[in-house]
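To start, the structure itself, in structure tokens.
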Amino acid sequence: MPNKKNNRAKKRSINNIENAFVNLLQDKSVNKISITEICQEADVNRSTFYANFIDIFDLIEKLQDRMLKDFNDLYEYENSAKENSNNFLKLFWHIKENKILYKTYFKLGLELKVNIDVYDTDLAQKLFNNQHLDYHINFFRAGITATIKKWLTNDCDLSPEELFNVVREEYQNKLDSL
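Counting in UniProt numbering, the sequence shown runs from 1 upward without gaps.
What follows is the structure, encoded as structure tokens:
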């Protein structure tokens, strides 16, 4: 049976390292950050860093994996029920609550790897008569990603409800026609 105390300590160390890295990224580019700086900021030894990560790029990859897991967990019910969700308000609240992490994510240029799959394909089929759905879905994903990036750049100046209304207004003519 695994030692729970050691497991908690390991998780705490990983969390401290990830948080230290994110904090350092607020003022520096990734190529200007050293493992020594991360360890000092996280208050861990270099051996602790290397016990959990190969290098800074491994840290970035694992941080990205954690973010994608958190993102997917947000829509766990919808995914398990094989339902699409239009619940962007849930997404916007999640992003606002984790805005430093998302700002960092986009700063690292990882937006190309994230798939915003919170798209109701059944609704899209009705709206666009099953024509060129892939293009409509890609257009929507690019638009919602750009909107989120703009919102983060403005330090989430709109409430999640206000941002939801902005997105909703963009599709209002189509939604009203159903």
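Note that beta-carbon positions come from the ideal geometry of N, C-alpha and C, so glycine has one too. Here the structure is a predicted model, which is why all the values come from computation and not from measurement.
Shortest Cα-Cα distance from Lys-150 to any of Asn-7, Leu-163, Ile-33 and Leu-25 involves Leu-163. The beta carbon of Asn-16 sits closer than 7 Å to those of Ala-42, Asp-43 and Val-44, all from its chain and outside the five residues before and after it, given in chain order.
Rounded to the nearest angstrom, the Cβ distance from Cys-156 to Lys-96 is 5 Å, consistent with a contact under 8 Å. Taking all protein chains shown into account, Thr-36 has fewer than 16 neighbouring C-beta atoms within 10 Å of its C-beta and is therefore exposed. For Asp-43, there is no enclosing alpha helix (DSSP H), as DSSP gives it neither H nor E. Between Gly-143 and Glu-170, the gap from beta carbon to beta carbon is short of 9 Å.
Judged by DSSP secondary structure, Gln-64 falls within the alpha helix (DSSP H) whose first and last residues are 56-74. Going by C-alpha positions, Thr-153 is about 14 Å away from Asn-98. In the structure shown, the three-state DSSP call for Lys-28 is coil.
Secondary structure note for Asp-134: its alpha helix (DSSP H) is the uninterrupted segment 133-153. Residue His-94 holds the alpha-carbon nearest to the alpha-carbon of Asp-73 among His-94, Glu-18 and Phe-57.
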